[in-house]
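Inspection log for the structure reproduced underneath, given as structure tokens.
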Amino acid sequence: MIMADLLRVNWFLVVILAFLGLYCLLVSRNLLRLLIGIEILSKGCILALVSSGVAIGKVNTAQTLAITMIVVEVVVVAVALGLIIRAYGATGSIDMWKLDKLKD
Amino acid sequence: MSLYLLLLVALVLFSLLAVVFRNMLLAAISLGVASVALTLILFALSAPWAATFELSVCAGLITVLFVSAVSMIRKEELFLKEGRARFALLPFFFLLFGIGFWFFGDRFAVALRGMPTLGEQVGVGILLWSVRSHDLLGQLCIILAGVLAIKAFFGRGRD
């Protein structure tokens, strides 16, 4: 397989991953699964970054961007999981639709 | 190259399983396996630094965080019943878009190939510490903000 075909397959994979993440975000009510959707989206982004870096012959720049993104991603996941645990403590559920206590 | 395609299939398959599994523990573990597949893909694309970070942080730390969060939550809450029937048509729209992208998405790749390559390939260390040092400052700020947020969530006040 030559490089152009490889890039084409990679782009297609990025689209599939982005759609999987978006589908998860749209469909799910489970707060943990929403985070999994964000994770899958970010995996697609990392693959897109590195693939485009390979395409233009600047893999190292793409790698530094990917490293930045991974750091941001792990902070987002840690903070969001903390929020989910606190919300679970307050409402006793991880259902997104039960996070409407402020209405009462 | 068939091994590479196998890795791509594994990445999509385990991401799909992470979305589909109703058991959250299995979903978290399949997300970790998808991260491992992405790591191997990044190695194959000759991006070892990003692959190492992906393996240690995404496949390791984030999976541990997910599993520990799952272990704190009652079992009946984890098997939350979600009404997904309303979204049954959504994958078909995605499929249509994907087929369209397969035929028309080449323009993106062509546009990328036409971009000029600016100068020599610089090492990752020089790029991180010299060229993109502002990124490091931003990363430090984000890590600090995350630590403070966790402290605000779980720290004990002096009341």
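For the record, the sequence lines run as chains A and B.
The opening residue of the first sequence carries number 11 in our numbering; numbering runs sequentially from there.
The opening residue of the second sequence carries number 4 in our numbering; numbering runs sequentially from there.
Here a beta-carbon is modelled for each residue, glycine too, at the ideal position from N, C-alpha and C.
Close-in-space but distant-in-sequence residues of the same chain around residue i (CB under 7 Å, 5 per side omitted)
i                 : result
Phe17 of chain B  : Ser33, Val36, Ala37, Ala40
Val73 of chain B  : Met27, Leu28, Ala31, Leu81
Cys55 of chain A  : Met79
Leu109 of chain A : Ala97, Thr101
Ser62 of chain A  : Ala72
Close beta carbons around residue i, own chain, < 8 Å, minus the five adjacent residues each side
i                 : result
Leu59 of chain A  : Ala72, Leu75, Ala76, Met79
Leu139 of chain B : Leu131, Trp132
Closer than 7 Å at the beta carbon, the chain B residues around residue i
i                : result
Thr26 of chain A : Correcting the residue identity first, residue 26 of chain A is Ile in this sequence and not Thr. Per Cβ cutoff of 7 Å: Val15, Gly101.
Leu91 of chain A : Leu68, Ala72
Simplified DSSP assignment, three categories, for residue i
i                 : result
Asp110 of chain A : coil
Asn26 of chain B  : coil
Sequence-distant residues of the same chain with beta carbon closer than 6 Å to residue i, five excluded per side
i                 : result
Leu57 of chain A  : Val24
Ile48 of chain A  : none
Asp105 of chain A : Arg39
Ser52 of chain A  : Glu83
Thr42 of chain B  : Ala54, Glu57, Leu58
Partner residues on chain A for residue i, Cβ-Cβ distance less than 7 Å
i                 : result
Arg135 of chain B : Thr74
Ile76 of chain B  : Tyr98, Ile104
Gly126 of chain B : Asn70
Leu11 of chain B  : Val19, Leu23
Ala149 of chain B : The sequence given here has Gly at residue 149 of chain B, not Ala. Within 7 Å Cβ-Cβ: Val85, Ala88, Val89.
Partner residues on chain A for residue i, Cβ-Cβ distance less than 8 Å
i                 : result
Ala172 of chain B : The structure shown does not extend to residue 172 of chain B, since chain B is modelled only from 4 to 162, so the question has no answer here.
Leu58 of chain B  : Here the premise fails: no neighbours, minimum Cβ distance about 10 Å.
Ile146 of chain B : Val81, Val85
Chain-ordered chain B contacts of residue i [CB-CB under 8 Å]
i                : result
Lys53 of chain A : Leu14, Ser18, Ala37, Ser38, Leu41, Cys61
Ile50 of chain A : Ser18, Ala21, Val22, Leu34, Ala37
Chain A residues whose Cβ lies nearer than 9 Å to that of residue i
i                 : result
Leu45 of chain B  : Ile56, Leu57, Val60, Gln73, Ala76
Phe157 of chain B : Gly92, Ile95, Arg96
- [ ] Assess, as a yes-or-no matter, whether the region 86-103 of chain A is touched by the region 25-45 of chain A under the definition of 3 or more beta carbon pairs within less than 8 Å.
- [x] Yes: at least three Cβ pairs fall under 8 Å.
TODO: Let me know the alpha helix (DSSP H) ranges lying completely inside the region 119-153 of chain B, each 4 residues or longer, listed in chain order.
DONE: none
Open item on the list: Across the region 92-99 of chain B and the region 21-35 of chain A, are there enough close Cβ pairs to call them in contact, namely three or more that are closer than 8 Å?
Closed with: As far as the Cβ criterion goes, the region 92-99 of chain B touches the region 21-35 of chain A, which means the pair count is three or higher.
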